[in-house]
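K.L.:
Chains as they are written, first to last, in numbering that gives the first Met the number 0: chain R, 0 to 315; chain U, 0 to 404. The beta carbon of each residue, even a glycine, is placed where N, CA and C say it ideally should be. Handing you this structure, nothing more for now.
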Amino acid sequence: MNRVLSWRAVVVGLLVALLPALPFMSKFYLLLAFDALLFGAIAMSLDLLIGYTGLVSFGHAAFFGLGAYSTAILLERGVLSLWACLVAAVLVVGLYALVVSYFATARRGIYFALLTLIFAEVVYTFFRYTQTFGGSDGIQGVPAPRLMPAFAIDTPLRNYYVVLAYLALAYLVCRVLVASHFGKVLVAIRENEDRARFLGYNVQRYKMAVCLISALLTGIGGALYPGRSAFATPDLMLWTVSGEFIIMVMIGGLGTLAGPVIGGAFFVLLQEKVSSYVDWYFMVIGLVLIVIVLFMPRGLLGIRAMLGFKQWRATA
Amino acid sequence: MKRLTWGFTVLVALAALVWAGAPAVSQPKVVKIGDLGSKVGVFEGYGKYQTWGVQMAVEELNAKGGVLGHKIEVVSEDDETKPAPAVRKAEKLILQDDVKLLVGAVSSGATLAVMDVTKKHKTIHWNSVSCAEFMRTTKFHKYYFSNQPDSRMQANGLAKYIVDKMGKKVYIFYTDYAMGQSDGRQFKTALEKLGGEVVGVAGAPLDTKDFSPWFGAINQSNPDVLFVAFAGTDSLRLMTQLHSFGMTKKYKMAGIDCFLLQQDLASIAEPMEGFVQLNHFSPYNPDANMQAYNARFKKKFGTDANIAAGSYDAVLFWAAAVEKAKSFDPDKVAEAHEGMCVDNTHIGRQCIRKEDHQVVMDMHLYQVKGGKNLPIARIAGSDSIGEAMVGKDPVEGFTWEIKKK
Numbered sequence: 000m001n002r003v004l005s006w007r008a009v010v011v012g013l014l015v016a017l018l019p020a021l022p023f024m025s026k027f028y029l030l031l032a033f034d035a036l037l038f039g040a041i042a043m044s045l046d047l048l049i050g051y052t053g054l055v056s057f058g059h060a061a062f063f064g065l066g067a068y069s070t071a072i073l074l075e076r077g078v079l080s081l082w083a084c085l086v087a088a089v090l091v092v093g094l095y096a097l098v099v100s101y102f103a104t105a106r107r108g109i110y111f112a113l114l115t116l117i118f119a120e121v122v123y124t125f126f127r128y129t130q131t132f133g134g135s136d137g138i139q140g141v142p143a144p145r146l147m148p149a150f151a152i153d154t155p156l157r158n159y160y161v162v163l164a165y166l167a168l169a170y171l172v173c174r175v176l177v178a179s180h181f182g183k184v185l186v187a188i189r190e191n192e193d194r195a196r197f198l199g200y201n202v203q204r205y206k207m208a209v210c211l212i213s214a215l216l217t218g219i220g221g222a223l224y225p226g227r228s229a230f231a232t233p234d235l236m237l238w239t240v241s242g243e244f245i246i247m248v249m250i251g252g253l254g255t256l257a258g259p260v261i262g263g264a265f266f267v268l269l270q271e272k273v274s275s276y277v278d279w280y281f282m283v284i285g286l287v288l289i290v291i292v293l294f295m296p297r298g299l300l301g302i303r304a305m306l307g308f309k310q311w312r313a314t315a
Numbered sequence: 000m001k002r003l004t005w006g007f008t009v010l011v012a013l014a015a016l017v018w019a020g021a022p023a024v025s026q027p028k029v030v031k032i033g034d035l036g037s038k039v040g041v042f043e044g045y046g047k048y049q050t051w052g053v054q055m056a057v058e059e060l061n062a063k064g065g066v067l068g069h070k071i072e073v074v075s076e077d078d079e080t081k082p083a084p085a086v087r088k089a090e091k092l093i094l095q096d097d098v099k100l101l102v103g104a105v106s107s108g109a110t111l112a113v114m115d116v117t118k119k120h121k122t123i124h125w126n127s128v129s130c131a132e133f134m135r136t137t138k139f140h141k142y143y144f145s146n147q148p149d150s151r152m153q154a155n156g157l158a159k160y161i162v163d164k165m166g167k168k169v170y171i172f173y174t175d176y177a178m179g180q181s182d183g184r185q186f187k188t189a190l191e192k193l194g195g196e197v198v199g200v201a202g203a204p205l206d207t208k209d210f211s212p213w214f215g216a217i218n219q220s221n222p223d224v225l226f227v228a229f230a231g232t233d234s235l236r237l238m239t240q241l242h243s244f245g246m247t248k249k250y251k252m253a254g255i256d257c258f259l260l261q262q263d264l265a266s267i268a269e270p271m272e273g274f275v276q277l278n279h280f281s282p283y284n285p286d287a288n289m290q291a292y293n294a295r296f297k298k299k300f301g302t303d304a305n306i307a308a309g310s311y312d313a314v315l316f317w318a319a320a321v322e323k324a325k326s327f328d329p330d331k332v333a334e335a336h337e338g339m340c341v342d343n344t345h346i347g348r349q350c351i352r353k354e355d356h357q358v359v360m361d362m363h364l365y366q367v368k369g370g371k372n373l374p375i376a377r378i379a380g381s382d383s384i385g386e387a388m389v390g391k392d393p394v395e396g397f398t399w400e401i402k403k404k
């Protein structure tokens, strides 16, 4: 079709859209698929930062959680329109991301990571102790949002298609971005920030812009979460959740967009399956991550190269 | 290259879905029940004993032929003491495993979140450990039942003894999440109603490692009694630290039923000496029913039972309701539960109040002596349960404000 959206991507999208028709796709698997696609999309958004720009954010859970709280607060107060929830999430997350990115992008490397972590912890603590928003219990039992006044997104199937639409939109945005001149500058910043600056690019502005885009995509994902789970709690913003997002990106393959989607889905399915058999399931996930980092530094997508397929290369 | 990438993506996605979707082989004439609780973390102990209680009940029922001719199978899941995993696992138990009963969760925050799932998917839900006051009030639904004395019941039973026997000036120190806040609120309300004086309140986050920053405020307010609403490893750390600051000797101590499990008391006997709490079970209670239950439990698991014994009763109640309804249909089973009495629970005969599905439990006040929870007074269930408040806000008008006398 074009360099941004190939026909193969459309075919994959259609196949994923047909998944609910499979005989084993019960309500539970639709909910699991929702989680897989949602966190896959969020990992892809984070990949813009980690894989393409070389910025490791330890605070993405805050964007996710703020999006979730924006929706939960509106739903709890009787504002049931999904569109209103999304607008609120974009405004809240956007405003917060502006502040975080302004300060965090002024620093490099570990300082960027620490600043995103610290900001996220502040947000987590705020919601953890603010009783107006339910304190540590968060906001629970919210009603399902409505796409239109008479169309509630109240079944696993409807939620599935909403999150699929979100993934498609997020993928399109990310693809357009990385294929554009803007995306090339991001890669240049990742490869050699000083050289990019000497070439005349306003590096901080580029970093702020990609932070904002990544945060907004993550926040929109968060805004869809209460529709599926009926709650938003401070736990969603915990630093461990940010760590999980990073793990998803690493499992899938840095700087590939499609890789983190696979990584996110793989993480959700692994977590679901392993945690039913092993109490300390994070040890298993940790072992998987160690194996991937040591033997498959290009993530799950790198398996293709290991199997003798055409050499794969992250981010042109 | 793109073709390979997308082809590979589809391959991985399909493989993952087939793996995840591999259907479980179901046995004929088997009914599954779900056990959802903390398997790791602060509340690990409660989750473990909840599971054992469920297992023991299932074993005894299966030995008698199961329920409605079905063998009962238990599926246990870890809620990680957090709402999100608890909801995910509750959905798995209900939608994938098709459990007809869900027992859990352990933490009040997780149980509140799971209540939305059991309501949505019409599943009989028994709570045997969590005690936040919203479960049988604002969050109540027809499929929810509880045999855990909630915060209001505990406060009603304990406050009078404290005012009469321990002292009128009380400092309330609680763990700052659903359970602790609920216990603190209800205890303050009950105490002030009885003429007691709350001289200070403070909340510490769940899983706090160092409690000493709060000790100055406690000492400054100079209470007669320090009421503590913590649980699990939080309680262990708190008591150790209070003891090292000499505060367990300085103040009389009282707390909630799940403050520490009997199993933990031996290792922390000295700091806990004299500690008073309201409870529905102790292996050191001479009551014949408790002793019989504890003997069976100890024979099976090699250790004394504790307050998570409620999970044993939950399964018995559900099985009796299923037999009465002659069906696993959740609506029929829920109706059969209402007003039902069961004779062979861990404390003998117990009945479910129809209005709010709360089991009316006779309890005892216990005092720790030499690492053992010994009964000092009996509180009738009817004296502690309070009025049914389904749909009403149990904390309406409540304020943490300290009323100076």
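Reducing DSSP to helix, strand and coil, say where Y283/U ends up.
P.N.:
It is coil, neither helix nor strand.
K.L.:
How about L101/U: is its C-beta nearer than 8 Å to some C-beta of chain R?
P.N.:
No, its Cβ sits nowhere closer than 8 Å to a Cβ of chain R.
K.L.:
Just tell me which of D342/U, F144/U and A201/U has its CA closest to the CA of N288/U.
P.N.:
It is D342/U whose Cα lies nearest to the Cα of N288/U.
K.L.:
From the DSSP output, read off the bridge partner residues of W213/U.
P.N.:
None, per the DSSP bridge assignment.
K.L.:
By how many angstroms is the C-alpha of A112/U removed from the C-alpha of A87/R?
P.N.:
One C-alpha to the other measures close to 24 Å.
K.L.:
Assign A85/U to buried or exposed, taking buried as 16 or more other Cβ atoms, counted over all protein chains shown, within 10 Å of its Cβ.
P.N.:
It counts as buried.
K.L.:
Could you name the residues that DSSP lists as bridge partners for G456/U?
P.N.:
Residue coverage of chain U in this structure runs from 0 to 404, which leaves residue 456/U outside it and unanswerable.
K.L.:
So if I threshold CB-CB distances at 8 Å, which residues from the segment 230 to 258 of chain R count as touching chain U?
P.N.:
Under the 8 Å Cβ criterion, the segment 230 to 258 of chain R contributes F230, T232, D234, L235, T255 and A257.
K.L.:
Under 8 Å between C-beta atoms, does G108/U make it to chain R?
P.N.:
Closer than 8 Å: yes.
K.L.:
Between which two residues does the alpha helix (DSSP H) carrying A169/R extend?
P.N.:
Here the alpha helix (DSSP H) through A169/R covers P155 to A178.
K.L.:
In the DSSP assignment, find the unbroken beta strand (DSSP E) run with A253/U in it and report its ends.
P.N.:
Element bounds for A253/U: K251 to G254.
K.L.:
Within its chain, find whatever has a CB closer than 6 Å to the CB of V227/U; leave out the 5 residues flanking it on each side and keep chain order.
P.N.:
For V227/U, where only same-chain residues beyond five positions count, the Cβ hits under 6 Å are F172 and G254.
K.L.:
Roughly how many angstroms lie between the CA atoms of M178/U and K391/U, to the nearest whole one?
P.N.:
M178/U and K391/U: Cα-Cα distance of roughly 18 Å.
K.L.:
Just to confirm, is the Cβ distance from G251/R to G242/R under 8 Å?
P.N.:
No, these two residues do not count as a Cβ contact at 8 Å.
K.L.:
Compute the Euclidean distance between the alpha carbons of D77/U and E90/U, then round it to the nearest angstrom.
P.N.:
Approximately 13 Å between the Cα atoms of the pair.
K.L.:
Can you list, in chain order, the residues of its chain with a C-beta nearer than 7 Å to that of G381/R? Leave out the 5 residues immediately preceding and following it.
P.N.:
Because chain R here runs from 0 to 315, residue 381/R falls outside it and cannot be looked at.
K.L.:
Which residues in chain U sit within 7 Å of K26/R, going by Cβ to Cβ distance?
P.N.:
Per Cβ cutoff of 7 Å: L94.
K.L.:
Using 8 Å as the threshold, is the segment 225 to 242 of chain R in touch with the segment 116 to 126 of chain R, meaning 3 or more CB pairs across them?
P.N.:
Counting Cβ pairs under 8 Å, three or more are found: they touch.
K.L.:
Could you pull the DSSP bridge partners for I378/U from this structure?
P.N.:
M362/U, per the DSSP bridge assignment.
K.L.:
Let me know the secondary structure DSSP gives K159/U once reduced to three states.
P.N.:
Helix.
K.L.:
Hey, is L205/U's beta-carbon within less than 8 Å of any beta-carbon in chain R?
P.N.:
So, interface residue.
K.L.:
Is it true that the CB of L268/R sits closer than 8 Å to the CB of I332/R?
P.N.:
The question about residue 332/R has no answer, for chain R in this structure spans 0 to 315.
K.L.:
Residues of chain R with CB closer than 9 Å to the CB of E76/U, please, in chain order.
P.N.:
Within chain R, the residues near E76/U are S274 and S275.
K.L.:
Which residues in chain R have a C-beta closer than 8 Å to the C-beta of Y176/U? List them in chain order.
P.N.:
Result: G134, S135 and D136.
K.L.:
Quick one: what does DSSP say T122/U is sitting in, helix, strand or coil?
P.N.:
DSSP places T122/U in coil when its eight states are reduced to three.
K.L.:
Would C340/U be called buried (16 or more neighbouring beta carbons within 10 Å of its own) or exposed?
P.N.:
C340/U is exposed by the Cβ-count criterion.
K.L.:
Within 8 Å of any Cβ in chain R, is that where the Cβ of K47/U sits?
P.N.:
No, because no Cβ of chain R sits closer than 8 Å to the Cβ of K47/U.
K.L.:
Can you give the Cα-Cα distance for I267/U and G385/U, rounded to whole angstroms?
P.N.:
Taking the straight line from one Cα to the other gives about 33 Å.
K.L.:
If you draw a straight line from the alpha carbon of A23/U to that of L21/R, how long is it in whole angstroms?
P.N.:
Bear in mind that a pLDDT of 49 at A23/U, under 50, signals an unreliable position, so the model cannot answer this.
K.L.:
Three or more C-beta pairs closer than 8 Å, one from the segment 50 to 59 of chain U and one from the segment 306 to 324 of chain U: is that the case here?
P.N.:
Result yes; three or more Cβ-Cβ pairs closer than 8 Å.
K.L.:
Around the Cβ of A62/U, are there at least 16 other Cβ atoms within 10 angstroms (buried) or fewer (exposed)?
P.N.:
Exposed, by the Cβ-count rule.
K.L.:
Between R87/U, E354/U, D97/U and V98/U, which lies nearest to T110/U when the distance is taken from Cα to Cα?
P.N.:
The residue with the shortest Cα to Cα distance from T110/U is R87/U.
K.L.:
Looking at C-alpha atoms only, which residue of D209/U, T232/U and G199/U is the closest neighbour of Q219/U?
P.N.:
Among D209/U, T232/U and G199/U, the Cα nearest to that of Q219/U belongs to G199/U.
K.L.:
Within 8 Å of any Cβ in chain U, is that where the Cβ of G301/R sits?
P.N.:
Closer than 8 Å: no.
K.L.:
Express the C-alpha separation of G103/U and G309/U in angstroms, rounding to a whole number.
P.N.:
Distance between the alpha carbons of G309/U and G103/U: 11 Å.
K.L.:
Could you say if the segment 8 to 25 of chain R and the segment 160 to 175 of chain R meet the contact criterion of at least three C-beta pairs nearer than 8 Å?
P.N.:
Contact holds: three or more Cβ-Cβ distances are below 8 Å.
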